[in-house]
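S.K.: Numbering of the sequence shown is given in our numbering, commencing with residue -6 and proceeding in unit increments.
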Amino acid sequence: MNKIDLSVNIGSLKLRNPVILASGTVGYGDEISEFTDLNTIGGIVTKSLSLKPRKGNPPQRIVETHAGMLNAIGLANVGVEEFVKSKIPFLNTFDVPLICNIAASTIEEYVECTKILTAENIIDAFEINVSCPNVKEGGLEFGNDVKAVGRITEKVRAVTDKLLILKLSPNVSYISHFAEVVKKEGGDAVSAINSLVGTAFDIYDFKPKISNINGGLSGPAIKPIALAKVLEISRKVDIPIIGIGGIMNWKDVIEFMIVGASAIQIGTLNFIDPAAPGKIVKELEDYCIQVGIKNLSEIIASYLIE
Ligand SMILES: Cc1cc2nc3c(=O)[nH]c(=O)nc-3n(C[C@H](O)[C@H](O)[C@H](O)COP(=O)(O)O)c2cc1C
């Protein structure tokens, strides 16, 4: 049997397979490289980077829920300058596409971060986070506003020729309206979804379980919602989609691809089994052999293709 081709394209970026590590769940690669060989996966997204370092929210920042978790990390990160100085050299030792996730409180900050990182030759793409549910400024203020997402896309596009992905919020009525504006303003792709706003309370001390009160719900609980959002985008807008949300195994990956995702990201699963992304790549190959598919990319949006 000929070798199976797992490669997929996100616009101009070719990935060896569709399995990407999601922002905020693997640090800057250093938190997972011991368990998953970064040279075997499709790509890695950094923790959201802001212009200046951020401490994030005070603890408690994470709580487990049925079939998922709530997090309100608050975009704690080392800042762009420190990332360039101390994290890029480590990432540089791997042959893996690097997607830098950017978070900001103002449009100018998005632009500045993008400009600084565009100058770094190792970066392959940007994922602009306009959808963080856990911060007071930026985050959902942008993510819920179609015009703001359009402006951010336009301004960031003007300062970089790298692949530009906008990470969309599920906390909206029609996610496809956001994908439409991203395409119109020159974005290359969208990733969907970020976590959903949720909360949890302690029944004995009557207090919220996380200090920020609300957090972002992720994990298997959100998979059906994420699939429906990806399907909505792929039905309405002709733009590459990276599917995210509750992926726990290779079958979930296939499901996302069938409804239109060109690639996927693995988030919460990394906390349960940091070796899972590598295993999933192998299992995707086994699936292709089992069903007689030579190029995995054939199944992208297969549900929608007549
Ligand atoms: C602890 C934690 C931290 C996260 N931090 C970020 C972040 O900094 N930037 C971002 O765009 N998404 C962040 N996310 C969202 C994930 O990248 C992903 O979109 C979401 O968790 C849904 O995928 P999952 O169900 O596979 O986890 C975070 C998620 C978790 C669980």
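All residues carry an ideal CB built from backbone N, CA and C; glycine is no exception.
Please give the ranges of any alpha helix (DSSP H) in the segment 78 to 128, keeping only runs that are unbroken, at least 4 residues long and fully inside the region.
M.R.: Runs found: 81 to 84, 100 to 111.
S.K.: For Glu178, does the three-state DSSP call read helix, strand or coil?
M.R.: Coil at Glu178, not helix or strand.
S.K.: Can you name the residues that DSSP bridges to Asp(-2)?
M.R.: Asn288.
S.K.: How big is the Cα-Cα spacing for Ile234 and Pro201?
M.R.: Between Ile234 and Pro201, the C-alpha separation is close to 35 Å.
S.K.: Which same chain residues end up closer than 8 Å to Gly194 when comparing Cβ atoms and leaving out the 5 residues on each side of it in sequence?
M.R.: Gly is not the amino acid found at residue 194; the sequence shown has Phe there. Lys200, Pro201, Lys202, listed in sequence order.
S.K.: Which word fits Gly236, buried or exposed, when buried means at least 16 other C-beta atoms lie within 10 angstroms of its C-beta?
M.R.: That one is buried.
S.K.: Tell me where the beta strand (DSSP E) around Ser227 begins and ends.
M.R.: Not the beta strand (DSSP E): Ser227 falls in the alpha helix (DSSP H), residues 216 to 229.
S.K.: Report yes or no: do the segment 88 to 99 and the segment 239 to 251 share at least 3 C-beta pairs separated by less than 8 Å?
M.R.: No, they do not touch.
S.K.: Roughly how many whole angstroms lie between the Cα atoms of Lys342 and Ala60?
M.R.: This structure cannot settle anything about residue 342, because the visible part of the chain is limited to -6 through 299.
S.K.: Could you compute how far the alpha carbon of Lys177 sits from the alpha carbon of Val104?
M.R.: Answer to the nearest angstrom: the Cα atoms are 18 Å apart.
S.K.: Take the Cβ of Lys160 as the centre, count every other Cβ of all protein chains shown within 10 Å, and call the residue buried at 16 or more, exposed below.
M.R.: Its Cβ being crowded by 16 or more others within 10 Å, Lys160 is buried.
S.K.: Residue range of the beta strand (DSSP E) that Gly22 falls in?
M.R.: Taken as a continuous stretch (DSSP letters only), Gly22 belongs to no beta strand (DSSP E), as it is neither H nor E.
S.K.: Which residue from Pro163, Lys216, Pro52 puts its Cα closest to that of Ile259?
M.R.: Of the listed residues, the one whose Cα sits closest to Ile259 is Lys216.
S.K.: Ala256: which of Leu262, Lys45, Ile247 sits nearest, CA to CA?
M.R.: The residue with the shortest Cα to Cα distance from Ala256 is Ile247.
S.K.: Do Asn187 and Thr18 have their C-beta atoms closer together than 7 Å?
M.R.: No, the Cβ-Cβ distance between Asn187 and Thr18 is not below 7 Å.
S.K.: Just verifying my parser: in three-state terms, what is the DSSP assignment at Ala172?
M.R.: Helix, per DSSP.
S.K.: Just curious, the alpha helix (DSSP H) that Ile7 is in, first and last residue?
M.R.: This sequence places Lys at residue 7; Ile is not what is there. From DSSP, Lys7 is part of no alpha helix (DSSP H) but of the beta strand (DSSP E) over 6 to 8.
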